[in-house]
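Heads up, the thing below is written out as structure tokens.
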Amino acid sequence: MDDADLQARLTRLAEHTAPPPRDGLADVVVARHRSRRRQTLGTVAVTAAVAGLVVLTTTTLDGPSVTPATAVGADAAGPESAVAAADVLAGPPRGSLAGDTAFVEAVRQLPWTEADDPNRPTAMTEPSLDSRRVVFVGDVAGGRWALLVAEDTMGSEPADPASGLAAAWFTGPAGAAPDQLQPASLIGGVDLSTPVTLSDAATGALVVLAAPGDQIEVSERPEVAADGTVSRSFAPVDAPAGVAVLALGPAAGTYDEALRYRVSRDGVELVTAMPTGFRSDSTWPTPDVPVEWLRGEPGSAGARSVLSGAVDHVLQITGLPAEEIDVAVVWAGDVPAVTGPPGRLQLLAATLPSGAVYLEALLSQEMGEQRTTGSTWCGTDLRPAGTPLTEQLFLLDCPGSSGGGSELGDHVALIGPTAAASAWLLDGSGERAVEVPLTDGAAVVPAPADPATDVAAAEFLAADGTSLGRTEPVGYDGLESISATAGWD
Amino acid sequence: MDGTGFEDFVSREQPALLRLAVLLAGDRGHAEDLVQTALLKSYRHWGRITRSGEPTAYVRRVLVTTHTSWRRRLSTTEQVVETLPDRAAPSALEDDEELRTALRALPPRMRTAVVLRYYADLSEQQTADAMGCSASTVNTQTARGLQRLRAALTPAELAGVEEGA
Chain L
4 MDDADLQARL TRLAEHTAPP PRDGLADVVV ARHRSRRRQT LGTVAVTAAV AGLVVLTTTT
64 LDGPSVTPAT AVGADAAGPE SAVAAADVLA GPPRGSLAGD TAFVEAVRQL PWTEADDPNR
124 PTAMTEPSLD SRRVVFVGDV AGGRWALLVA EDTMGSEPAD PASGLAAAWF TGPAGAAPDQ
184 LQPASLIGGV DLSTPVTLSD AATGALVVLA APGDQIEVSE RPEVAADGTV SRSFAPVDAP
244 AGVAVLALGP AAGTYDEALR YRVSRDGVEL VTAMPTGFRS DSTWPTPDVP VEWLRGEPGS
304 AGARSVLSGA VDHVLQITGL PAEEIDVAVV WAGDVPAVTG PPGRLQLLAA TLPSGAVYLE
364 ALLSQEMGEQ RTTGSTWCGT DLRPAGTPLT EQLFLLDCPG SSGGGSELGD HVALIGPTAA
424 ASAWLLDGSG ERAVEVPLTD GAAVVPAPAD PATDVAAAEF LAADGTSLGR TEPVGYDGLE
484 SISATAGWD
Chain P
498 MDGTGFEDFV SREQPALLRL AVLLAGDRGH AEDLVQTALL KSYRHWGRIT RSGEPTAYVR
558 RVLVTTHTSW RRRLSTTEQV VETLPDRAAP SALEDDEELR TALRALPPRM RTAVVLRYYA
618 DLSEQQTADA MGCSASTVNT QTARGLQRLR AALTPAELAG VEEGA
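Those protein sequence lines, which keep their order, are chains L and P. Quick note, the first sequence lines up with residues 4 to 492 if you use my numbering. Quick note, the second sequence lines up with residues 498 to 662 if you use my numbering.
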């Protein structure tokens, strides 16, 4: 299936399965908006009354006093006036070198279509010099950066057709001359109302460009509590003229996918998102993190490479230094292949500072004669602190895959305590469907061929038949929980 | 507030939003909820959105971010509680059940990246903008999503990594 086939199938699927448009939907939405607005204002009124205006409480709760507030808040003012629109890229150049007119002019003339470093992105067409404007130019941690806007020659569907602009970040080493700056990120169809960002995982430099007066906050990483819940704390940062230039320290992983910024205007949140990221040192080696092997041994070089990549991924999404994470492989073993060499399943567990555990189940297989290794996930999970990994139960639903003359069928992996002698696969009604003998507490078996036997859970049993508990298949909630972008609303 | 522009937009774009939503959400009921929630969020800023130009990309971004944070939203205050009437199901023969099943098996962010790149035909950067993440994340999520889709749909190639890479 090539890209065109996939696009055609997706289009057909969307056309055939989308529900029909609903008449009057706009009216429904407007009515719901006004209803919610009244509820919010009513809550505010009640809160004020409880705080001290006892006399008003009865009036407010009776209803009539809420109505005038609704008229003012929802209909007269309107939601669009809550935050004034602002062009975040407007105005003269900002940044520590903005006053160096010769440097600014030299940066304005930098080519967008050329870069000495082949890893750098370049534009296909040079924007006209007349259309170029320097928005930011300055020193950042470990480097010197510039942001320019110009006519959009990238041919992309614009996010903001009114702007007609593209933007380009240029970066170079500390103290770089203008001609040492090279493109690091190109943005077509610039939305002038959306803050522009860039972060460098190698140095920890972060620049957030918003409108003057905007409030900027940063959250360096998610916080995972012992019970496995994930939260974030945002700290305000200095943003003179709407620009925050921060030195956060190098990321532990190859990229920093844990970092989030938030921009608010007049107390109203505009956006919370992950900054655009790049890495200024492309020769970065994958971090060498110690791994404890609880059951199983390191496999082939390809399997070890897959594991190493997964450890890097954990560092990227958690934003934690390697020394603050204890990495273990709960179980590793072969997966029978339909054709080709056996696959390798590795259940990676990263114990976070709170004791909560992030898990990634990695399935890989050597392919063809090119000494390549294909890999995929069988799930990710985030579990609370407490139960030792060697005593937990895992049910993994591993999809079949193939390539390069090798093929793995669909498999189910069961991993329990070493005391577990067998396990039952349970169907959707909770009935015992298939019994699986376990070796050293674990097994990998072909998924039941009968579609009716949809594995919904597994129950692990000791040798004497005592139940050790049941568990459902590991999904992808772990990654979702940690990576969810907080606060966009 | 003048709702005329909003009504025109909903009338014009609702079918396309529903098509995108059904691929993201995986079923018709959630697709309808998703579109309605995205429109509700967008309506709150409608004046600002329309002053900035054509609102389609903005609403699509809201729809996508609403989808990718759906679990979190359901646990707070953003769930759509209104029950929409059942509608006639399309012909089963027209459905690509294999693809639908494979799509639904993808984690939400992975599914979103694939759908935006290969259905909505957005660039990596546009997809990143819509998802509120970096282009490198989109690249990774798309590659992993394609890998899983191809494995599920046809005996196609896994995405390979060079040993020792």
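Positions of the beta carbon are idealized from the N, C-alpha and C atoms, including for glycine.
Proximal residues of chain P, C-beta to C-beta of residue i below 8 Å
i: L:Asp6; result: Tyr615
i: L:Glu18; result: Arg516
i: L:Thr379; result: Arg641, Gln644, Arg645, Ala648, Leu655
Assigned secondary structure, residue i (DSSP; H/G/I helix, E/B strand, else coil)
i: L:Ser234; result: strand
i: P:Trp543; result: helix
i: L:Glu18; result: helix
i: P:Ser508; result: helix
i: P:Gly657; result: Residue placement at P:Gly657 is poorly supported in this model, since its pLDDT is 41, which falls under 50; the coordinates still yield a value, given next. In the structure shown, P:Gly657 sits in a strand (DSSP, three-state: E or B).
i: L:Glu226; result: strand
i: L:Leu56; result: Caution applies to L:Leu56, whose pLDDT of 24 falls short of 50 and renders its modelled position unreliable; the value that the coordinates give is listed next. The answer is coil: DSSP assigns L:Leu56 none of H, G, I, E or B.
i: L:Ala557; result: Because chain L here runs from 4 to 492, residue 557 of chain L falls outside it and cannot be looked at.
i: L:Ile485; result: helix
i: L:Asp65; result: A caution first: L:Asp65 carries a pLDDT of 26, below 50, which makes its placement in the model unreliable, though a value can still be read off. Helix.
i: L:Thr197; result: coil
i: L:Glu369; result: strand
i: L:Glu326; result: helix
i: L:Gln349; result: strand
i: L:Val91; result: coil
i: L:Ala162; result: A caution first: L:Ala162 carries a pLDDT of 47, below 50, which makes its placement in the model unreliable, though a value can still be read off. In the structure shown, L:Ala162 sits in coil (DSSP, three-state: anything other than H, G, I, E or B).
i: L:Pro181; result: helix
i: L:Pro176; result: strand
i: P:Leu521; result: helix
i: P:Glu551; result: coil
i: L:Arg386; result: strand
i: P:Ala528; result: helix
i: L:Gly45; result: A caution first: L:Gly45 carries a pLDDT of 36, below 50, which makes its placement in the model unreliable, though a value can still be read off. Correct three-state label for L:Gly45: helix.
i: L:Arg123; result: coil
First and last residue of the uninterrupted alpha helix (DSSP H) at residue i
i: L:Ser267; result: Counting along the chain, L:Ser267 falls outside any alpha helix (DSSP H), though it belongs to the beta strand (DSSP E) covering 263-268.
i: L:Ile320; result: 304-321
i: L:Asp400; result: Looking at the DSSP string, L:Asp400 is not in any alpha helix (DSSP H); the run it does join, the beta strand (DSSP E), is 397-401.
i: P:Glu594; result: 594-602
i: L:Leu297; result: Neither: L:Leu297 is in no alpha helix (DSSP H) and is coded neither H nor E.
i: L:Arg25; result: No alpha helix (DSSP H) holds L:Arg25; DSSP gives it neither H nor E.
i: P:Val612; result: 605-615
i: L:Glu117; result: No alpha helix (DSSP H) contains L:Glu117, which DSSP labels as neither H nor E.
Residue range of the beta strand (DSSP E) that includes residue i
i: P:Arg647; result: Premise fails: P:Arg647 lies in the alpha helix (DSSP H), 632-650, not in any beta strand (DSSP E).
i: L:Val447; result: 445-449
i: L:Pro440; result: 435-440
i: L:Asp500; result: Shown here, chain L extends from 4 to 492; a query on residue 500 of chain L therefore has no answer.
i: L:Thr275; result: 271-276
i: L:Val110; result: Where L:Val110 is concerned, there is no enclosing beta strand (DSSP E), although the alpha helix (DSSP H) it sits in stretches over 104-111.
i: L:Thr474; result: 470-474
Within chain L, partners of residue i - CB distance below 9 Å
i: P:Glu621; result: Neighbours of P:Glu621 on chain L: none; closest Cβ ~10 Å, over 9 Å.
i: P:Val519; result: Leu16, Ala17, Thr20, Ala21, Pro22
i: P:Val612; result: Leu13, Ala17
Contact set between residue i and chain P, taken where Cβ atoms lie within less than 7 Å
i: L:Ser486; result: Arg606
i: L:Arg35; result: Leu537
i: L:Ile190; result: Gln622
i: L:Arg12; result: Asp593, Leu596
i: L:Ala205; result: Ordered by position in chain P, no residue passes the 7 Å Cβ test against L:Ala205, which lies about 13 Å from the chain.
Proximal chain L residues relative to residue i, where beta-carbon distance stays under 7 Å
i: P:Ala528; result: Ala21, Pro22
i: P:Pro552; result: Here the premise fails: no neighbours, minimum Cβ distance about 10 Å.
i: P:Ala522; result: Going along chain L, no residue has its Cβ under 7 Å from P:Ala522, so there is no contact; the nearest lies around 10 Å.
i: P:Arg509; result: By Cβ distance, chain L contributes nothing, its closest Cβ being about 10 Å from P:Arg509, past 7 Å.
Where residue i meets chain L, residues with beta-carbon distance less than 8 Å
i: P:Leu531; result: Result: empty, since nearest Cβ-Cβ is about 11 Å, beyond 8 Å.
i: P:Arg601; result: Near P:Arg601 there are no residues of chain L at all, since even the closest Cβ is about 11 Å away, more than 8 Å.
i: P:Ala640; result: Ordered by position in chain L, no residue passes the 8 Å Cβ test against P:Ala640, which lies about 11 Å from the chain.
i: P:Thr609; result: The premise fails here: P:Thr609 is roughly 11 Å from chain L at the closest Cβ pair, so nothing lies under 8 Å.
Partner residues on chain P for residue i, Cβ-Cβ distance less than 9 Å
i: L:Ala93; result: Chain P residues near L:Ala93: none, gap ~13 Å exceeds 9 Å.
Within chain B, partners of residue i - CB distance below 8 Å
i: L:Leu184; result: Protein chains L and P are contained in the structure displayed, whereas chain B is not.
(message) Residues of the segment 223-257 of chain L in Cβ contact with chain P at a cutoff of 8 Å, in chain order, please.
(response) Per Cβ criterion, the list is empty.
(message) With a threshold of 8 Å, are at least 3 pairs of Cβ atoms found where one atom belongs to the segment 238-247 of chain L and the other to the segment 179-196 of chain L?
(response) Flag = no, the segment 238-247 of chain L and the segment 179-196 of chain L do not touch.
(request) Closer than 7 Å, Cβ to Cβ, to anything on chain P: give me those residues from the segment 279-292 of chain L, in chain order. (result) Within the segment 279-292 of chain L, the residues whose Cβ lies closer than 7 Å to any Cβ of chain P are, in chain order, Thr279, Gly280.
(request) Answer yes if the segment 194-205 of chain L comes into contact with the segment 257-275 of chain L, meaning at least three C-beta pairs across the two stretches below 8 Å, and no otherwise. (result) A contact exists between the segment 257-275 of chain L and the segment 194-205 of chain L.
(message) Assess contact between the segment 268-279 of chain L and the segment 615-634 of chain P, defined as three or more Cβ pairs (one per stretch) separated by less than 8 Å. Is contact present?
(response) The count of Cβ pairs closer than 8 Å, one atom from the segment 268-279 of chain L and one from the segment 615-634 of chain P, reaches three, so the stretches are in contact.
(request) For the segment 120-131 of chain L, enumerate the residues whose C-beta is nearer than 7 Å to any C-beta of chain P, in chain order. (result) For the segment 120-131 of chain L, which is checked against every Cβ of chain P, not one residue is closer than 7 Å.
(message) I want to know whether the segment 347-358 of chain L touches the segment 455-464 of chain L - three or more CB-CB distances under 8 Å.
(response) Result no; under three Cβ-Cβ pairs closer than 8 Å.
(request) Give a yes or no on contact between the segment 214-221 of chain L and the segment 171-180 of chain L, applying the rule of three or more CB pairs nearer than 8 Å. (result) The answer is no - the segment 171-180 of chain L does not touch the segment 214-221 of chain L, with fewer than three Cβ pairs under 8 Å.
(request) Mind the definition here: the segment 426-438 of chain L touches the segment 384-394 of chain L only if three or more C-beta pairs lie below 8 Å; say whether that holds. (result) Cβ pair count under 8 Å is below three, so no.
(request) Check each residue of the segment 463-480 of chain L: if its Cβ is closer than 7 Å to any Cβ of chain P, include it; give the result in chain order. (result) Of all residues in the segment 463-480 of chain L, only Tyr479 place a beta-carbon less than 7 Å from a beta-carbon of chain P.
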